[in-house]
Amino acid sequence: MPGLVVFGRRWAIGSDDFVLPGAFELFVRLLWWVGILVLYAVHKGQFNCPGGAVLHSYLLVLIVLLASIICALSALVYISMQGTISNPGPRKSLPKVLYTRLLLYFPEFIWAVLGAVWVSDSSVHCEKTVINAIIWTVIASWVIIIFTIVGVVIVFDPLGGKKTFYLTDGVSRNLESSQSGQLLYNVKSTATRVWEQRIRLLCCCIVQDDDHRVAFTSIAELFRSYFSDTDLVPSDIAAGLILLHQEQDKMESCPKEPEEVLCHSPSSLVTDNLDMELENAAHYMLFAAAAYGWPYYIYTNPFTALCKLKGDCCRNRPTDSDITGSDRHNFHFGSILKITGLQYRDFIHISFHNKIYEIPFFVALDHKKEAIVVAVRGTLSFEDILTDLSADCEDLTLEDVLENGFVHKGITQAATYIYRKLINDGILNQAFTIAPEYKLVIVGHSLGGGTASILAIMLRNSFPTLKCYAFSPPGGLLSKSLADYTKHFIVSVIVGKDLVARLSMPNMEDLKRRIVRIVANCNRPKYQILLRGCWYEVFGGDPDDFPTELDGRNENALSQPLLAEESLMVHRSPSYSALGDESPLSSPPQYPHLYLPGKIIHIVEESSSRRLCSSDTKYMARWSNETVFSSILISPKMITDHMPDVVLKALNSLSQEHGACLPC
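Position in the sequence shown counted from 1, then plus 3, gives you the working numbering.
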């Protein structure tokens, strides 16, 4: 549904978004009105107390005012229930009813002030029940007014005035091309500034330097280009995700062709063994999880972590290892020791320093596997999020590497920072001086997995035998040529429907198109989609079979785009040119396809059983390829499958079933 236009500007709310909040307020108002009626009827003729005449008039006007508000709310809810998301025609009279409802806030505000004055008057000596009722009436009025103001602030669109003008079809026809171009440039510049201000506000608690300002502008441009070509409100996106999830579940329950997977290593090396890689991955995932420090340790041991760390926090730091960055009370290092099981002397370097493009890592000796492990931390701070969102592409050019290509800009800068620390500061030389026969292994989870992958590419020439394990790395990381090059020394581990592993700009554009199409085609009102979707997500059951505008259309009609879909998708954003067949070859896409690094192990749930206080999940692992992760899957587990504890649990479960026969 295009954003509602009232007071001459667009708002981030649709005309069909008043059903649920309006129904809730209507329920409250009805109870309130009935209570005041009962109070007035019981005490009728008993207003002879000092101030009783004012009280009598106050209650009469309040009853009439509440009745008017109830009538306006009823009309607002009824009109908002009509039509569908893409068919706002039956709701065209809603702005007039909304104006009426908003006008009623003025007498309500005045009456709330008068009620507060009357209650605070010391000369009033009426019955205590009546006084308490008026107090609750005043409180209820102020609560509703405050919530309304908060709601207006939330749905306020800073670009509402300009975007309404920008999205009008006739604007470009009535202006000269130069004027139209200047107008669009001004709107885009304003949109970028608005997104930049929002990002600055969210990151107000961190120290901002030149790197931050450049990142803010880059991320603001990314958000502006992604959201500028649709006219959807947040509830439309929520409804679209609900519909996509149920459609996806229906497709999964139908008989289909087996998923395209590989039953042997993508590098076609017969010697590669899935069981061996799973065992190694389970071992090195401990290092990747340990890089998160005390937040991960307390998260996985909520009742005992503080007690276990209490003894370590008072110890002096080890003199043999080089520790940089802030680690108050030794909590981070103590947690790393607990998780990895290593000794103080096994650590070569530990960095807790964290800025944008500069993420924490540690270097340790793993005597069990005879390896020098470089573990890179994943996303845990605002600075890390800014690094994640710096998703522009840049060239990665390395000497003696023919497979140069595009990489994720923010993650590449983070990898360059660690590379310089390892090489220029002599950290790896120190490690290999202590253990010259050990091999080099680089690990990381999430952002750390992506950084570890690019760091492995940078170190590959100097250390030809190095190995990298990337756990749940971001999907939009390497171009196809680099992804193929890394299959010889990088293993990526993905669990289930992990969102981050499928996160890339082309995939996000594809998700946007799917949301627009399914929302435009659905013939159910939005409130029904949201209510049934919430029931399905919480209690399960069979996915609903929502009727669509595609039902009953012939094949010729299906080849034509729907008018509703065209109205919701205003124009293609620059990033979507990577997916469009009609994109001119002379204009390369701003966000080309980027892929996961290395060989990919995909771990999925085979079965799950829940008990009173625990759950038993059986996993299955298989070699997969990047095409399996070319689309974002909607699921309640799309976030939890990315969590490091879930990845570690799945790997430990599979490593314990080492001898199990895996189906191909």
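We put the beta carbon where it would ideally sit given N, CA and C, even for glycine.
Bear in mind the structure is a predicted one, so any value in this text is a computation, not a measurement.
Asked                                                                                                                                                                              : Found
State yes or no: is the C-beta of D19 within less than 8 Å of the C-beta of K529?                                                                                                  : yes
For A26, which residues in the same chain have their Cβ closer than 8 Å to its Cβ, ignoring the five residues on either side in sequence?                                          : V80
Using CA coordinates, which residue listed in E629, E111, R380 is at the minimum distance from G601?                                                                               : E629
Determine the DSSP secondary structure at D619, reduced to helix, strand or coil.                                                                                                  : strand
How big is the Cα-Cα spacing for A653 and V498?                                                                                                                                    : 8 Å
Taking just the CA atoms, how far does I157 sit from K191?                                                                                                                         : 22 Å
Are the beta-carbon atoms belonging to L401 and I326 less than 8 Å from one another?                                                                                               : no
Alpha helix (DSSP H) containing G408: first to last residue?                                                                                                                       : Here G408 belongs to no alpha helix (DSSP H); instead the beta strand (DSSP E) covers 408-411.
S338 by DSSP, collapsed to three states: which one?                                                                                                                                : helix
Measure the beta-carbon distance from K515 to T233 and round it to whole angstroms, keeping in mind my assumption that it falls under 8 Å.                                         : 6 Å
Give me the Cα-Cα distance between D349 and S256, rounded to the nearest whole angstrom.                                                                                           : 50 Å
I believe I414 touches G453 by the beta-carbon criterion, under 8 Å. Please report the beta-carbon distance rounded to the nearest angstrom.                                       : 4 Å
Spell out a yes or no on whether the stretch 444-453 and the stretch 465-474 are touching, meaning 3 or more CB-CB pairs, one atom from each, closer than 8 Å.                     : yes
For the alpha helix (DSSP H) containing K442, list its first residue and its last residue.                                                                                         : Here K442 belongs to no alpha helix (DSSP H); instead the beta strand (DSSP E) covers 442-448.
Give the straight-line distance between the Cα atoms of G337 and L312, rounded to the nearest whole angstrom.                                                                      : 6 Å
From the DSSP output, in three-state form, read off W626 for me.                                                                                                                   : strand
Determine the direct distance from the alpha carbon of G154 to that of I148, and round the result to whole angstroms.                                                              : 10 Å
With DSSP collapsed to three states, give me the class of R527.                                                                                                                    : coil
With a Cβ-Cβ cutoff of 8 Å, do F364 and A434 count as a contact?                                                                                                                   : no
According to DSSP, is E28 helix, strand or coil?                                                                                                                                   : helix
Beta strand (DSSP E) containing F364: first to last residue?                                                                                                                       : 364-369
My output table needs one value for N655: the three-state DSSP class, helix, strand or coil.                                                                                       : helix
Short of 7 Å in beta carbon distance, which residues of its chain neighbour A78, apart from the five on each side in sequence? Order them along the chain.                         : V100
Please determine, among G536, S71, H352, D387, the residue with the shortest C-alpha to C-alpha distance to I437.                                                                  : H352
Is DSSP giving H46 helix, strand or coil here?                                                                                                                                     : coil
Identify every run of the beta strand (DSSP E) within the stretch 450-515, keeping only runs that are complete inside it and at least 3 residues long; order them along the chain. : 470-474, 493-498
Just to check, is the beta-carbon of G478 closer than 7 Å to a non-hydrogen atom of the ligand ADP?                                                                                : This structure does not include the ligand ADP; it has no bound ligands of any sort.
Residue range of the alpha helix (DSSP H) that E386 falls in?                                                                                                                      : 385-392
Going straight from the alpha carbon of D412 to that of W35, what length do you get?                                                                                               : This sequence places Lys at residue 412; Asp is not what is there. Computed Cα separation, rounded: 57 Å.
For H596 versus V503, is the C-beta distance shorter than 8 Å?                                                                                                                     : no
Please report the residue range of the alpha helix (DSSP H) in which S238 lies.                                                                                                    : 237-256
Would you list the one or two residues that DSSP bridges to C396?                                                                                                                  : H411
Rounded to the nearest angstrom, how far is the Cβ of T418 from that of I457, given a contact under 8 Å?                                                                           : What sits at residue 418 in the sequence shown is Ala, not Thr. So it is a contact: roughly 4 Å between Cβ atoms.
Any chance the stretch 367-374 sits against the stretch 439-450, with 3 or more Cβ pairs inside 8 Å?                                                                               : yes
So, under 8 Å CB-CB, S96 and I82 are touching, yes? Tell me the CB distance rounded to an integer number of Å.                                                                     : 6 Å
Roughly how many angstroms lie between the CA atoms of P546 and Y622, to the nearest whole one?                                                                                    : 25 Å
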